[in-house]
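Report on one structure; see the data block that follows.
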Amino acid sequence: MKVLVIGAGNMGSGFVKQLTAAGHQVTVTAREQEKAQAVAQQFGAKAAPAAGAAKDVDAIVVATPYGESANALLGVGDLAGKVVIDISNPLTPDYMGLTLGHTTSAAEEIAKAVPGAEVVKGFNTVFAQVLGAGSDLGGQKVTVFLASDSERAKQTARVLADSMGFVVVDAGALKNARYLEPLGGLNVYFGYGAGQGTSIAPTWVHQN
Numbered sequence: 000m001k002v003l004v005i006g007a008g009n010m011g012s013g014f015v016k017q018l019t020a021a022g023h024q025v026t027v028t029a030r031e032q033e034k035a036q037a038v039a040q041q042f043g044a045k046a047a048p049a050a051g052a053a054k055d056v057d058a059i060v061v062a063t064p065y066g067e068s069a070n071a072l073l074g075v076g077d078l079a080g081k082v083v084i085d086i087s088n089p090l091t092p093d094y095m096g097l098t099l100g101h102t103t104s105a106a107e108e109i110a111k112a113v114p115g116a117e118v119v120k121g122f123n124t125v126f127a128q129v130l131g132a133g134s135d136l137g138g139q140k141v142t143v144f145l146a147s148d149s150e151r152a153k154q155t156a157r158v159l160a161d162s163m164g165f166v167v168v169d170a171g172a173l174k175n176a177r178y179l180e181p182l183g184g185l186n187v188y189f190g191y192g193a194g195q196g197t198s199i200a201p202t203w204v205h206q207n
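Residues in the sequence shown are numbered from 0 upward in steps of one, following numbering that gives the first Met the number 0.
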């Protein structure tokens, strides 16, 4: 699959690493192209300037802070019919709270900003350190929750998550990002506020 990763920070680098290792054709772009080039070179991907980077890709992972996501997406070209995977959490500056909730979510706001795209929420409960290390954590596969109004977008994200070794849980419609983003916030609290570190991830247990 051809995947564009927007962002060369910890999450962006983790996606580039794991997606290329899974055999996907990955392009990375970032506000600082030197960082994009360094990440691409490290993991065998391709770096590209933002303008027109969305052309001919099957999926776009926007790995920027929530406040930068819409502009980052609008800068990569025509998004009509493109699958966009939003991994963000709308965190406060101290990371201990959310700036959105109840009546909307980061994912829904991003979808409003790029109305031609098919947005799917996912990976927002996975720390960058966990993503970079792989899908196995303490002998258990890490869970990725996916929410979208587009079955095609959800299936595309599922294929990518499966190829990287994650366990996928269907979290329903895009509005359910209103549940997933607080879960991401809780994960951040446990990791940093409660001092548990970043080798943690939430999952969903059920009896077969």
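Glycine included, each C-beta is placed from N, C-alpha and C at the ideal position.
According to DSSP, GLU117 shares a beta bridge with VAL82.
Each residue's CA atom was taken as its position, placing THR142 and SER149 some 20 angstroms apart. DSSP places ASP161 in the helix class (H, G or I) of the three-state scheme. Counting the other Cβ atoms within 10 Å of the Cβ of MET95 gives fewer than 16, which makes it exposed. Comparing alpha carbon positions, the residue from GLY6, LYS140, GLN32 closest to GLY164 is LYS140.
By the C-beta criterion, the segment 37-46 is judged not to be in contact with the segment 62-71, since fewer than 3 inter-stretch pairs fall below 8 angstroms.
Taking the CA atoms as reference points, GLY133 sits about 23 angstroms from ALA29. If you keep only unbroken alpha helix (DSSP H) runs of at least 4 residues inside the segment 10-83, you get 32-42, 65-73. Beta-bridge partners assigned by DSSP to ALA146: LYS120. The C-beta distance from MET0 to VAL119 rounds to 14 angstroms, too long to fall under 8 angstroms, and the pair is not in contact.
Sequence-distant Cβ neighbours of GLY121 in its own chain, meaning closer than 6 angstroms and more than five residues away, are ILE84, VAL143, LEU145, ALA156. In this structure LEU130 is buried. Its beta-carbon is surrounded by 16 or more other beta-carbon atoms within 10 angstroms. Secondary structure of LEU182 (DSSP, three-state): helix. By the Cβ criterion, the segment 18-28 is in contact with the segment 43-51, since at least three pairs of Cβ atoms, one from each stretch, lie closer than 8 angstroms. The beta carbons of LEU78 and VAL125 sit no closer together than 7 angstroms. The straight-line gap separating the alpha-carbon atoms of ALA105 and SER147 is approximately 13 angstroms. Comparing alpha-carbon positions, the option among VAL2, ALA7, GLU107, SER87 lying closest to ASP55 turns out to be VAL2. Under the three-state reduction of DSSP, GLN154 is assigned to helix. Taking the Cα of HIS101 as reference, the smallest distance to any Cα among ALA160, GLY183, ARG177 is reached at ARG177.
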